[in-house]
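2 protein chains.
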Amino acid sequence: MARRNQRTYCLNRPDFMAAAIEQAQYAAARGEVPIGAVIAGNGSILSAAGNRTRELSDPTAHAEILAIRDACRQLGTERLTGYDLYVTLEPCAMCAGAISFARLRRLYFGAEDDKGGAVVNGTRFFSSPICHHAPEVYSGLRELETARMLKSFFKDRR
Amino acid sequence: MARRNQRTYCLNRPDFMAAAIEQAQYAAARGEVPIGAVIAGNGSILSAAGNRTRELSDPTAHAEILAIRDACRQLGTERLTGYDLYVTLEPCAMCAGAISFARLRRLYFGAEDDKGGAVVNGTRFFSSPICHHAPEVYSGLRELETARMLKSFFKDRR
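Heads up: the protein sequence lines correspond to chains A and B, in order.
The numbering of the first sequence is the working numbering, which starts it at 3 and goes up by one.
The numbering of the second sequence is the working numbering, which starts it at 3 and goes up by one.
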């Protein structure tokens, strides 16, 4: 029997969100806005990232963008057909655009973002005529926990 | 007198668009959708990029995103306050979001994009309540030339 050197993840759907929350916690520990994202397919995690805009001096380094870029790099493709994205906060317009370009199958998110969200708030990008691929959207996963994490981060900084 | 080893650009505004068009032409030569972008400030070019989504297997590697990331990396900051972006095509929702996060001062673009543009078409991101910084927008620079470049690229591929 082959030795299992590689760490594998095999989780139920709610636990992918747990992994996204863990990424958000790491982001907070680095002094970044606590948002985390995971891309999963076939029952396992392909990529996971937290927000790194400050560390990288990169305004595009949102958790979703980093997770998408990493997943695409691993697969050598621009398209993540059949893969799902789990993210702790409703994606902004930039990330919603990237999710669409990446052809992600499903989007699961935690808290809604009435100030910057572009999925169920604001420009509702996936329902707009300029969106050419929309994922299935599932909102409100661990909603209270993900919202609380952000609130306490901003409260601590004030 | 110091020798001038460094190539410097000092151009009028219309010529920054010429530099963006040049980037679009390089993109076409690489087999990418011909879109180019330049970030300029204080009379000179800080960064320039063409679309590289295929080459990098990265759906976020639009000309605008690459130019913003490069400019931010050079300055060691997330914010390009006082800098302007020149791009050959109306930005999409993803790029409009990134332009806003980067706090770019002005956006100059060439052709309008009624299928995917999010500035004067579609979700008109900069006028939406989820946009917290909007650049001044100037559209239609070298409109015919930039539109023709895209049309002939897609015609050749059919």
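We treat Cβ as the ideally placed atom computed from N, Cα and C, and that holds for glycine.
Secondary structure of T125 (chain A) (DSSP, three-state): coil. By the Cβ test, the region 23-34 of chain A is not in contact with the region 78-87 of chain A, since fewer than three Cβ pairs between them sit closer than 8 Å.
For E92 (chain A), the number of other beta carbons within 10 angstroms of its own is at least 16, and it is reported as buried. DSSP, reduced to helix, strand and coil, places I23 (chain A) within a helical segment of the structure shown. At a beta-carbon threshold of 8 Å, none of the residues of chain A lie near I37 (chain B); the nearest stands roughly 13 Å away.
Nearest CB-CB separation between A104 (chain B) and chain A: below the 8 Å threshold. When the alpha-carbon of D116 (chain A) is set against those of A:G124, A:Y110 and A:S49, the nearest one is in A:G124.
Burial is judged here by how many other beta carbons sit within 10 angstroms of a residue's own beta carbon; F18 (chain B) has at least 16 and is buried. Residue range S46 to G52 is occupied by the beta strand (DSSP E) that includes I47 (chain A). Put simply, the CB of R160 (chain A) is far from chain B, with every gap to its CB atoms at 8 Å or more. Chain A places a beta carbon closer than 8 Å to that of K117 (chain B), counting this residue as a contact. Within chain A, the C-beta atoms nearer than 7 Å to that of A100 (chain B) come from P61, T62 and M96, in chain order. Among the residues facing chain A, N123 (chain B) is included, as its CB has a counterpart in that chain under 8 Å away. Within chain B, the residues whose beta carbon sits less than 7 Å from that of T55 (chain A) are E80, listed in sequence order. Contact check for C94 (chain B) and G118 (chain B): beta-carbon distance about 5 Å, within the 8 Å limit, so the pair qualifies.
Of all residues in the region 126-141 of chain A, the ones placed with a Cβ closer than 9 Å to any Cβ belonging to chain B are R126, F127, S130, P131, I132, C133 and H134, in chain order. In the assembly as shown, Q25 (chain B) is a buried residue. Its beta-carbon has 16 or more other beta-carbons within 10 Å. Membership of R150 (chain A) in the alpha helix (DSSP H) is indicated by the continuous run E145 to R159. Segment contact: the region 49-56 of chain A against the region 103-114 of chain A, fewer than three CB-CB distances shorter than 8 Å; contact not assigned.
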